[in-house]
Each structure stands twice: as C-alpha cells, then as structure tokens.
Amino acid sequence: PELAGFISLGTDDHVKLFFPQTAEQQAALENLNPAGDKDTPRPPMRDYTPRRYDEKTGELDIDFVLHGEGPAATWAAQAAPGQFLHIAGPKGSMVVPDMFDSYLLIGDETAIPAIARRLESLPANRAALIVVEVANPQEQQVFDSAAQVDVIWIVRGEQNLLDVTRRLEMPEGKLYAWVATESALSRKLRRVLLDEFGLEEDFVKAAGYWKLDSTAE
C-alpha cells in the first residue's frame, strides 16, 4: 500500500532515498517533512534509479553499490526484511521516443540499473552497444533484451573508459547515446561523442551520477 500509485516511465528515472541519522530526522520523515525545519538538519538523501516496479505486488527493486562508508551504502549493507526506507519521486520522467535504430549506453556500476531497464524496453529490430566500467569481473551481469546487444566490460584500473570509447565502432542507423558515470568523466565522454564522432547533440545525453571528490554510493 505504501507504493500505491508509484509510476516510473523513464528507464533512467531517479527516486530520492532518505537515510535519517537521528530520531528528529526520522520523525520529520514520518511527518512527511523530509526537509525538516531550521532546527532539524535535513537527513542525508541519495538519488537512485528504480530497477523494477511490480504494480501487482507493490514491490520496488533498487540496486545498491556496496562500497564506501556513506549513508546509503551503510544502510544497504545492514538492510533486513521488515525495515523501512523512505523514498520520494520520481519527480518527472524523460521518455526517449521510439525513433532510433541503435543505442550507445556508457556507464559504470551506478548506471547498470538504467542500462538494464533500457535494454529490456528495446524491440528486436534495434541494436545496442553497451560499455560498462566495473571494479572487478565479478560485477559483470547478464542483460535481458530482445534487441541485438553487444556488451564491452571494462575493469577499472586495467583499461581506460575514455580510450575504449574513442576506439568504438558505432552502431549503424540513427543513434541515441546515453552516458552516466562520474560527473567529470561524463562530461569528457560527451565531448568525445560530439567532437570526435560527430554525433548529434540533441541525441546525446550525459549525466553525472556521482562526484569523485565526495562520498560515492
């Protein structure tokens, strides 16, 4: 019942997850005032992509990357059935029109839920080239899709995502490119796609999912 009416139309939608650290912050959330007031610090919050939502069962799947000591990773590491997690959103959805022949999706562990959702939505007459940087080979996953999909896995520290991107052979046809990784790296990847490959700016979306100089989760 808590998720009744939940809607996530975009494959890279974001919801906000709240991680109260004090009883006052917890009370503010329970009173539907996540921002608190001037005397109650706002609880830590993080943006995450909904991986799956089952309207019939009211179940929402959210994938966490378990590294670091920030509030989200700390909560996820100890999460157990019966615990509560406060969420808000998505505030809005960006639905990519079905007008492209092929897709280029570049990201790291934090982008895997959005990549998986995008691939699951593609029909059989589409092609997709996926490039994902992970910490180790154990992070690799199998993606389900009716489309023709090629996946390149990069192990962080062994290969350079920018260099690999520069050597890509782009899929044929009208292309939509999507990038989601560390903020500064996403900007560099966007420039490579625009300047070196000549992709159309309107069809290239690059997002910074985290920042290197802050706690990444």
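Residues 1 to 217 in UniProt numbering are what the sequence shown lists, from first letter to last.
Backbone N, C-alpha and C fix where the C-beta goes; we use that ideal spot for every residue, glycine too.
Every value quoted in this text rests on a predicted model; they were computed, and no experiment measured them.
Discussion item. Considering only their Cβ atoms, is the gap separating residue 143 from residue 119 smaller than 8 Å?
Written reply: To locate residue 119, count along the sequence shown from 1; it is residue 119. To locate residue 143, count along the sequence shown from 1; it is residue 143. Yes, Cβ-Cβ distance for residue 119 and residue 143 is below 8 Å.
Item to complete: Kindly indicate which residue of 47, 43, 58, 25 has the alpha-carbon position closest to the one of residue 5.
Response: If you number the sequence shown from 1, residue 5 lands on position 5. Residue 5 has its Cα closest to that of 58, out of 47, 43, 58, 25.
Practice prompt. Look at the alpha carbon of residue 196 and the alpha carbon of residue 181, and state the distance between them as a whole number of angstroms.
Written response: As a working mapping, residue 196 is identified with position 196 in the sequence shown. As a working mapping, residue 181 is identified with position 181 in the sequence shown. So the alpha carbons of these two residues sit roughly 19 Å apart.
Item to complete: Would you mind sorting residue 163 into buried or exposed? The rule is 16 or more other CB atoms within 10 Å of its CB.
Response: Taking the first residue of the sequence shown as 1, we reach residue 163 at position 163. So residue 163 ends up on the exposed side.
Worksheet item: Where does residue 60 sit, in a helix, a strand or coil, going by DSSP?
Response: Mapped onto the sequence shown, residue 60 falls at position 60. It is a strand residue.
Discussion item. Are the CB atoms of residue 8 and residue 90 within a distance shorter than 8 Å?
Written reply: Stepping through the sequence shown from its first residue, residue 90 is reached at position 90. Stepping through the sequence shown from its first residue, residue 8 is reached at position 8. Going by C-beta atoms, residue 90 is nearer than 8 Å to residue 8.
Discussion item. Spatial neighbours of residue 151 within its chain, please: C-beta separation below 6 Å, excluding the five flanking residues on both sides.
Written reply: The residue you call residue 151 lines up with position 151 of the sequence shown. Excluding sequence neighbours, residue 151 sits near 130.
Discussion item. Nearest by alpha-carbon distance to residue 205: which of 95, 213, 141, 145 is it?
Written reply: The residue you call residue 205 lines up with position 205 of the sequence shown. The candidate whose alpha carbon is nearest that of residue 205 is 95.
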